[in-house]
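J.: 2084 is the number that our numbering gives to position 742 of the sequence shown; each next residue is one higher, with no gaps.
Built from N, CA and C at the ideal position, the CB exists for glycine as well.
Predicted, not measured: the structure shown is a model, and the values here were computed from it.
Sending over a structure as structure tokens; questions will come in a sec.
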Amino acid sequence: MNAPDFSCVVTSAADSTDAAALRASVESVLDQSLRAVEALVVLPTDGDAAVRAAAESLAGLAPDRVRLLVAEPPARSTAALRNTGLDAARGTYVLVLGGGERLQQHACRNLWEAGTRTRADLVAGCWSRLTGDGAKEQEPAWQNTLFARSRTLARFTDAPELSVHDALGTGFCLRREALERHGLRYDEDLTHSEIMFGPLAAAVVGRIALVRRRIVSGQAVPDRGPGLAGLVEAHRRVCHVLVAQGLTDLCEQRERAFLTDHLVPLVRSFPELPAAERERIARRAVRVLPECVPEPALLTLAPVERVGVRLLERGDADGTLAAAYALRRRGTVAAPLTTGDDGRVYWQGEEQDPALDVTELGHQHRTFGELKLMNRLTRYEAGGGRVLLEGRLVLPAHTGPGDSPSARLEFRVRDGSRTFVLPVDELRRDATGISWRTRADLTRVLRPLGARDTVWDARMVLEDGPVRSVSDLFAAHDLVGPADRSPARPRLGRAAGDTWQPYVTLRDHLALRLEARRRPARTVRRLVHYATHFRPARRVRQLARALGRRRDRLHARGLKVSVYHSWFLRLPVRKGSVVFESHMGTCYGDSPRAIHEEVRGRGLPLRCVWSYESSPDGFPAGTRLVRRWSWRYLWELARAEYWVDNQGFPQSLSKPSRTTYLQTWHGSAYKRMGFDETRVRLQNAPQRERLQEAVHRFDHFLVRSEHDVRTLARAYRLPEKALLRTGYPRNDVLVAARARDEAEGRLPRPALAGELGLPDHRKVVLYAPTFRGGPGKRKRRRLLLDAARFAEHFGDEYTLLVRAHYLEAASLPVCPPGTVVDVSGHHDVSELLALADVLVTDYSSIMFDYALLDRPVVLFAPDLDAYAAERGSYFDLRAKAPGPVVATEDELFRVLARLKAADTGFETKRRAFAEEFGGYDRGDAARAVVDTVFARHVSDVRTGEAGR
1343 MNAPDFSCVV TSAADSTDAA ALRASVESVL DQSLRAVEAL VVLPTDGDAA VRAAAESLAG
1403 LAPDRVRLLV AEPPARSTAA LRNTGLDAAR GTYVLVLGGG ERLQQHACRN LWEAGTRTRA
1463 DLVAGCWSRL TGDGAKEQEP AWQNTLFARS RTLARFTDAP ELSVHDALGT GFCLRREALE
1523 RHGLRYDEDL THSEIMFGPL AAAVVGRIAL VRRRIVSGQA VPDRGPGLAG LVEAHRRVCH
1583 VLVAQGLTDL CEQRERAFLT DHLVPLVRSF PELPAAERER IARRAVRVLP ECVPEPALLT
1643 LAPVERVGVR LLERGDADGT LAAAYALRRR GTVAAPLTTG DDGRVYWQGE EQDPALDVTE
1703 LGHQHRTFGE LKLMNRLTRY EAGGGRVLLE GRLVLPAHTG PGDSPSARLE FRVRDGSRTF
1763 VLPVDELRRD ATGISWRTRA DLTRVLRPLG ARDTVWDARM VLEDGPVRSV SDLFAAHDLV
1823 GPADRSPARP RLGRAAGDTW QPYVTLRDHL ALRLEARRRP ARTVRRLVHY ATHFRPARRV
1883 RQLARALGRR RDRLHARGLK VSVYHSWFLR LPVRKGSVVF ESHMGTCYGD SPRAIHEEVR
1943 GRGLPLRCVW SYESSPDGFP AGTRLVRRWS WRYLWELARA EYWVDNQGFP QSLSKPSRTT
2003 YLQTWHGSAY KRMGFDETRV RLQNAPQRER LQEAVHRFDH FLVRSEHDVR TLARAYRLPE
2063 KALLRTGYPR NDVLVAARAR DEAEGRLPRP ALAGELGLPD HRKVVLYAPT FRGGPGKRKR
2123 RRLLLDAARF AEHFGDEYTL LVRAHYLEAA SLPVCPPGTV VDVSGHHDVS ELLALADVLV
2183 TDYSSIMFDY ALLDRPVVLF APDLDAYAAE RGSYFDLRAK APGPVVATED ELFRVLARLK
2243 AADTGFETKR RAFAEEFGGY DRGDAARAVV DTVFARHVSD VRTGEAGR
């Protein structure tokens, strides 16, 4: 046989009994689309008989492609078996598979083609790892950066993730000639030798190729508990290699990655481990971790993560368990909190240790009723029908109930429709929490129906007058078991179920499940199962699903679009009917609102209808509302005489021939728009045609300056006759606010300040970043500005209003009351602009509107150059900016700290900016638009007034 292109080494450890895993690995090699591939199966001499029989069977079925090797002398480690395979390999490239790992069908072909094209010594691709119970797989998040594109590296430092993470634990191949030239071997004294082998190989070989394809699936999760010492030793050796090559920065990055990739997941797994195993891991961690957790790396972790790692390092099993609960239930107070002399908040009352500083979680700013408190179940004993439950509710030092609170346990059916209540017999409060105890007769109190209400979740309600705190009963997964069953008496009789089985859910809280343990109940369950699963019952379910699909098709957009064009467009236009929409139905605001209010104020005989996306909240009472994409919405659009919106009615809906479409638009352009966008230029012809057809629906398009004519009108290929040079109606209130400021001053503030609870002595900073996403669902994003740090620096001087883009949602930390307010849900941004003393934005068109107020603007743009290069821009923002352009938070804070001085040099530029980009905003845009677009109805009103 000629030398193969690939030799795939498959090993099975001496203690492995999983013959199916070995068979899956070898079969994935045999199924490769590249045929010149051999499998080298290396087994220990004293391995499991079933594993050996499976290997012999595979070798017998494909003797020319499967070679079976038995390690001589007897190998006691997986590394020794792998070295035996490396010595026996004959292929041009060598690849090693761990137990149960499987190659993708085209893996060897992808690696071979990349190696041949680039002449690389090492070729690597993506791999996926088993998660949870092993039923699902997931690629580590850092692979998205490493394998974002296929590329060739001259040195492994060109891709730091190769050595920072365990990227080369699997999913790569080595040229055999390079393997022999450098004498690369697995360390046989190392438990996790694959962690060391990959980075060592990458450091000594020449060219490296990265392939944007998944190579291996089914990698097992590292045994971080019993194998902790081996993981730590492998990590140390990799760090020594990096330091020896002078790569101390990569070593520091790897030290942090080791915490996030191994120690934090180990902490998270604590609730699933038996108590004895948690103690063993904690004792082992005390021995191996102290020199492996550098303080600088630890302090870069999120607060609860670093707390968990610190407590694990100390060997505190119970404290690590509490931290794990807090990690798995975000925002839960899982340990007593105390405030130090420095004003910082510490976990478990431990002061002076910065790793236990949890101030940024913001728990100290919440009251007893607002906090999510951990209520840990410490004892569950069943005897007959009665059950003894004991637990402890954690209380932070700064808040808690009064001297005589009351408590009760609630068992709620999983769908929440029914609840059974049990009183709590004893409550004992101390400095750090409340211990509680109760004994209840579950058999008598819990009386479910027994048909569908078989799962009940437990929680405790603690009340102190009108204030109540609700907490799930957290428990370790080994706290309850089969010995804790209790008799059950369903209302349908014991044939529906006879036993309450307690268990701990995947969310780590106590629940009860109604089970059938005795013969009558088991017999009834089997009969019910048969009655609902035999052929007629299956046929009934299929018919029900078919009917459900037919019903769903009645609400499908495709059908609605078809009916709209086939039938609704034939309907006559209803004279005077106007459909308004703002930001695709997400709010009642912007220029459509200003036009609507002008119409109402002048009493024009128009029938106004507003669309909403998901909730009608915030729309004025008495307004006709239709839900976007509902049948009524399509009916109103088809019969409307006017369409008015600022974003675009659905592109797939044609405008009726007798309808006038007023597009007010939503802002002047800094970034490239329409057909000037790179994304649009790269679309295919049908996609660009659909965009052009949607734009051609516009009869009127509002512009607020000649800049809009040169940019937006040209980018969307709008004819001159469609342009209305009136300005934006939404900005009329801003022009009026500036005139009022010049005549009367800034006080009193608008009524909105009172609604938001803003004191007069604090200035208001509005932070309104631009939209950074793409097409798709609304996403919650972390802001570039650290709101908690802002509150810490300026909490006494400023209130920060955060306004996320309407297509996004802001993720805000908990801050002191009155320092940071999320106003993303406020419908009309013009009201927020009129309220703000300072605007902080980046590239949002909101800066063009705010300039009309002649108030300070700060442009916080950390990625200005990258954003302009990627998205494109119409002008140099730094040259024309109406205020300081800053790239870091520290610069922003320095500007805000001396705002008056920083703004002095921009007053002239800001006025020129407002004139250039808002020259047509004169304060009468709404009236001008109504007079132009609704001229017939305006003349009818005037004629009527003249007649009277």
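1. Would the beta-carbon of D2179 fall within 8 Å of that of R2197?
2. Alpha carbon to alpha carbon, how far is S1367 from M1716?
3. Might you give, ordered along the chain, the residues of its own chain that have their beta carbon closer than 6 Å to the beta carbon of D2018, omitting 5 neighbours on each side?
4. Specify, as a first and last residue, the run of the alpha helix (DSSP H) that V1506 falls within.
5. Within 10 angstroms of the Cβ of D1347, are there 16 or more other Cβ atoms? Answer buried if so, exposed if not.
6. Determine, using beta carbons only, whether V1920 and R1949 come nearer to each other than 8 Å.
7. Using alpha carbons as the reference points, say which of R1836, E1857, D1745 lies closest to W1798.
8. Please state if the CB of L1411 and the CB of T1426 are separated by a distance shorter than 8 Å.
9. Locate the beta strand (DSSP E) running through A1749, then write down its first and last residues.
10. Let me know the secondary structure DSSP gives P1958 once reduced to three states.
11. In the structure shown, what three-state DSSP assignment does D2164 receive?
12. Measuring CA to CA, which of D2050, L2142, D2138 is closest to E2258?
13. CB A2268 to CB D1959, shorter than 8 Å?
14. Given a threshold of 16 other Cβ atoms within 10 Å of its Cβ, counted over all protein chains shown, does A1773 qualify as buried or as exposed?
15. With distances taken Cα to Cα, identify the nearest neighbour of A1397 among A1362, R1566, D1429, H1707.
16. Helix, strand or coil, according to DSSP, for Y1667 in the structure here?
17. What first and last residue would you give for the alpha helix (DSSP H) that runs through D1814?
18. Answer with buried or exposed for P1632, where buried requires no fewer than 16 other C-beta atoms within 10 angstroms of its C-beta.
19. When the distance is taken between beta carbons, is P1613 closer than 8 Å to A1666?
20. Going straight from the alpha carbon of R2120 to that of C1929, what length do you get?
21. Kindly indicate the opening and closing residues of the beta strand (DSSP E) around Y2003.
22. Check each candidate in A1345, V1870, L1372 and name the one with the smallest Cα separation from L1400.
23. Taking 8 Å as the cut-off, decide whether the C-beta atoms of A1345 and R1432 are in contact.
24. By a C-beta neighbour count over all protein chains shown, 10 Å radius and 16 as the cutoff for buried, is Q1480 buried or exposed?
25. Provide the residue(s) that pair with C1515 in DSSP beta bridges, ordered along the chain.
26. Kindly indicate the opening and closing residues of the beta strand (DSSP E) around S1611.
27. From the DSSP output, read off the bridge partner residues of Q1561.
28. Output needed for A1888: all residues of its chain with C-beta closer than 7 Å, excluding positions within five of it in sequence on either side, in chain order.
29. For A1449, which residues from the same chain have a beta carbon less than 6 Å from its beta carbon, with the 5 sequence-adjacent residues on both sides left out?
30. Just how far apart, CA to CA, sit R1394 and E1655?
31. According to DSSP, is A1782 helix, strand or coil?
32. With a threshold of 8 Å, are at least 3 pairs of Cβ atoms found where one atom belongs to the stretch 1447 to 1465 and the other to the stretch 1563 to 1579?
33. Are the CB atoms of V1553 and G1467 within a distance shorter than 8 Å?
34. Apart from the five residues on each side of it in sequence, which residues of its chain come closer than 7 Å, Cβ to Cβ, to F2190?
35. Specify whether the stretch 1679 to 1689 and the stretch 1714 to 1734 touch according to this definition: at least 3 beta carbon pairs, one from each stretch, less than 8 Å apart.
36. Return the residue from the list V2227, R2052, G1990, F2217 that minimises the CA-CA distance to L2033.
T.: On the basis of the coordinates in this document:
1. yes
2. 44 Å
3. A2057
4. 1503 to 1506
5. If you draw a 10 Å sphere on the C-beta of D1347, you find 16 or more other C-beta atoms in it, and that means buried.
6. yes
7. E1857
8. yes
9. 1748 to 1755
10. coil
11. strand
12. D2050
13. Not closer than 8 Å, so no.
14. With fewer than 16 other Cβ atoms from the protein chains shown falling within 10 Å of its own Cβ, A1773 counts as exposed.
15. A1362
16. Y1667 falls in the helix class under three-state DSSP.
17. Here D1814 belongs to no alpha helix (DSSP H); instead the beta strand (DSSP E) covers 1809 to 1816.
18. It counts as exposed.
19. Yes, the pair counts as a contact, with Cβ atoms nearer than the cut-off.
20. With a pLDDT of only 49 at R2120, under the threshold of 50, the placement of this residue in the model should not be trusted, and no figure is reported.
21. 2002 to 2005
22. L1372
23. Against a cut-off of 8 Å, the Cβ pair of R1432 and A1345 comes out as a contact.
24. exposed
25. L1437, V1465
26. In the DSSP assignment, S1611 falls outside any beta strand (DSSP E) and carries neither an H nor an E.
27. R1471
28. none
29. Contacts found: I1557.
30. Their backbone Cα atoms lie some 41 Å apart in a straight line.
31. strand
32. no
33. yes
34. G2009, S2010, F2259, G2260
35. no
36. For L2033, the nearest C-alpha among the options comes from G1990.
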